[in-house]
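Undergrad: Numbering (the numbering used here), first residue to last: 1 to 308.
Cβ coordinates follow ideal geometry from the N, Cα and C atoms, glycine included.
#1: Can you check the stretch 216 to 267 for any alpha helix (DSSP H) of at least 4 residues that lies completely inside it and give the ranges in chain order?
#2: Contact defined as beta carbons within less than 8 Å: I believe residue 240 pairs with residue 173. What is the distance between those atoms, to the nearest angstrom?
#3: Consult DSSP for residue 53 and reduce its assignment to one of helix, strand or coil.
#4: Tell me whether the beta-carbon of residue 105 lies closer than 8 Å to the beta-carbon of residue 189.
#5: Might you give, ordered along the chain, the residues of its own chain that have their beta carbon closer than 8 Å to the beta carbon of residue 84, omitting 5 neighbours on each side?
#6: Who are the near neighbours of residue 146 in its chain, counting only those whose CB is closer than 8 Å to its CB and skipping five residues on each side?
#7: So what does residue 42 bridge to, in DSSP terms?
#8: Around the C-beta of residue 131, are 16 or more other C-beta atoms found within 10 angstroms, so that it is buried, or is it exposed?
#9: Ordered along the chain, which non-local residues of its own chain (more than five positions away) have a Cβ less than 7 Å from that of residue 210?
#10: By the three-class DSSP mapping on this structure, what secondary structure does residue 67 have?
#11: Which of the three DSSP states is assigned to residue 206 in this structure?
#12: Could you check where the alpha helix (DSSP H) with residue 147 kicks off and where it finishes?
#13: Mark residue 44 as exposed unless 16 or more other C-beta atoms lie within 10 angstroms of its C-beta, in which case mark it buried.
#14: With a cut-off of 8 Å, do at least 3 Cβ pairs link the stretch 6 to 25 to the stretch 243 to 251?
#15: Along the chain, which unbroken stretches of the alpha helix (DSSP H) at least 4 residues long are found entirely within the stretch 126 to 200?
#16: Thinking C-beta only, is residue 214 closer than 8 Å to residue 192?
#17: CA-CA distance, residue 56 and residue 275?
#18: Would you report the Cα separation of residue 107 and residue 268, rounded to the nearest angstrom?
#19: Under 8 Å between C-beta atoms, does residue 66 make it to chain C?
#20: Three or more C-beta pairs under 8 Å: does that hold for the stretch 169 to 188 against the stretch 78 to 92?
#21: Could you tell me the distance, in whole angstroms, from the CA atom of residue 245 to the CA atom of residue 165?
#22: Taking the continuous alpha helix (DSSP H) assigned at residue 112, which residues delimit it?
#23: Whole-angstrom Cβ separation of residue 162 and residue 257, contact assumed at under 8 Å?
#24: On the CB-based measure, 16 or more other CB atoms within 10 Å of its CB, does residue 308 come out buried or exposed?
Next up, the structure:
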């Protein structure tokens, strides 16, 4: 082979090695995204499964400013609240547990770590269905325990009343989130030099002052990406919502009281065959998550270059 042919092969070799990953991304990511965006501009539904036509921004106008706005605006606000409460609640509970387990004088901390990491180790579907049984109004063990302790006299509708159902899915989602947050914070805490705390002790700083002035600033660089990714994940946390409440209690034909945007899109397809509106919601979810993540990363200084 000539030198020119050898140079061409050297240039093509990296692309040859990357081709399986590139082909997989194109087939499993890019093409579905393009198809979803295209479908959001059509009227495909149970009445137009094969003869759907291009309708422009009609679906977006219908969701954002039209007849469906009173239905999907509350769903969007609930999705924001659900993602924020789960993300921040999981982070601060995980941080608190990490601080407690970071105590070198605690001999049993290895045992506690193993117990607290269980929600992360269990299969998500099995754990969510277990919580559905525990929260059941008629035979759930949570109501049985509260009755045995004489704290309640009648069964609590944990997943049948709107307020309690929303509280329940947030609580379970925090339970799922805490182990990951705890392990990440625990790793970041071990990287903080002890000399910082020793200097603070000499200056007479209290534990709260050391937490505010040393611990939190030292965790900031690792916490911002963690919180942003957790928010994005919980914004689309379809599994927990569907496994525990299936979006119930019912509020309309398009979305239930605990439905977030992702589960509402699923309901539109499964129960109403509204592929057009479901794809519209999927595109809106993409832009909302992208915009919020960009703003959070910009405000946290993640795009700033580090001087070397």
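TA: According to the structure shown:
#1: List check, alpha helix (DSSP H) in window: 216 to 235, 238 to 244.
#2: Here residue 240 is taken as the residue at index 240 of the chain shown, counted from 1. Here residue 173 is taken as the residue at index 173 of the chain shown, counted from 1. The C-beta distance from residue 240 to residue 173 rounds to 5 Å, short enough to meet the 8 Å contact threshold.
#3: Looking up residue 53 in the chain shown gives position 53. Judged by DSSP in its simplified three-state form, residue 53 adopts coil rather than helix or strand.
#4: One-based indexing of the chain shown puts residue 105 at position 105. One-based indexing of the chain shown puts residue 189 at position 189. No, the pair does not count as a contact, with Cβ atoms beyond the cut-off.
#5: Counting from 1 along the chain shown, the entry for residue 84 is found at position 84. Apart from the 5 residues on each side of it in sequence, residue 84 sits with its Cβ closer than 8 Å to the Cβ of 231 in its chain, given in chain order.
#6: As a working mapping, residue 146 is identified with position 146 in the chain shown. In its chain, beyond the 5 residues on either side, 152, 156 have a beta carbon closer than 8 Å to the beta carbon of residue 146.
#7: Here residue 42 refers to the residue found at position 42 of the chain shown. For residue 42, which the question treats as bridged, DSSP gives the partners 54.
#8: Position 131 of the chain shown, counting from 1, holds the residue named residue 131. Looking at its Cβ environment, which holds 16 or more other Cβ atoms inside 10 Å, residue 131 is buried.
#9: Here residue 210 is taken as the residue at index 210 of the chain shown, counted from 1. Listed in chain order, the non-local C-beta contacts of residue 210 below 7 Å within the same chain comprise 197, 200, local neighbours out to five positions each way being set aside.
#10: The sequence position of residue 67 within the chain shown is 67, counting from 1. Residue state, collapsed to three classes: coil.
#11: The sequence position of residue 206 within the chain shown is 206, counting from 1. Residue state, collapsed to three classes: coil.
#12: Position 147 of the chain shown, counted from the start, is the residue given in the question as residue 147. Bounds of the alpha helix (DSSP H) holding residue 147 are 141 to 148.
#13: Numbered from 1 along the chain shown, position 44 holds the residue referred to as residue 44. So residue 44 counts as buried.
#14: The answer is no - the stretch 243 to 251 does not touch the stretch 6 to 25, with fewer than three Cβ pairs under 8 Å.
#15: As far as the stretch 126 to 200 is concerned, its whole alpha helix (DSSP H) runs of at least 4 residues are 141 to 148, 162 to 190.
#16: Against the chain shown, residue 192 aligns to sequence position 192. Against the chain shown, residue 214 aligns to sequence position 214. Residue 214 sits close to residue 192, with the two beta carbons spaced by under 8 Å.
#17: Counting from one through the chain shown, the residue named residue 56 turns up at place 56. Counting from one through the chain shown, the residue named residue 275 turns up at place 275. Rounded to the nearest angstrom, the two C-alpha atoms are 15 Å apart.
#18: Position 107 of the chain shown, counting from 1, holds the residue named residue 107. Position 268 of the chain shown, counting from 1, holds the residue named residue 268. Rounded to whole angstroms, residue 107 to residue 268 spans 53 Å at the Cα level.
#19: In the structure shown, chain C cannot be found, because there is only a single protein chain.
#20: Flag = yes, the stretch 169 to 188 and the stretch 78 to 92 touch.
#21: For the purposes of this step, residue 245 is identified with residue 245 of the chain shown, where counting begins at 1. For the purposes of this step, residue 165 is identified with residue 165 of the chain shown, where counting begins at 1. If I take the Cα positions, the gap works out to 7 Å.
#22: Numbered from 1 along the chain shown, position 112 holds the residue referred to as residue 112. Looking at the DSSP string, the run of the alpha helix (DSSP H) that includes residue 112 is 109 to 116.
#23: Position 162 of the chain shown, counted from the start, is the residue given in the question as residue 162. Position 257 of the chain shown, counted from the start, is the residue given in the question as residue 257. Going by Cβ atoms, the distance from residue 162 to residue 257 rounds to 4 Å, so yes, they are a contact pair.
#24: Taking the first residue of the chain shown as 1, we reach residue 308 at position 308. Low per-residue confidence applies at residue 308: pLDDT is 48, beneath 50, and the placement is therefore not dependable enough to give any value.
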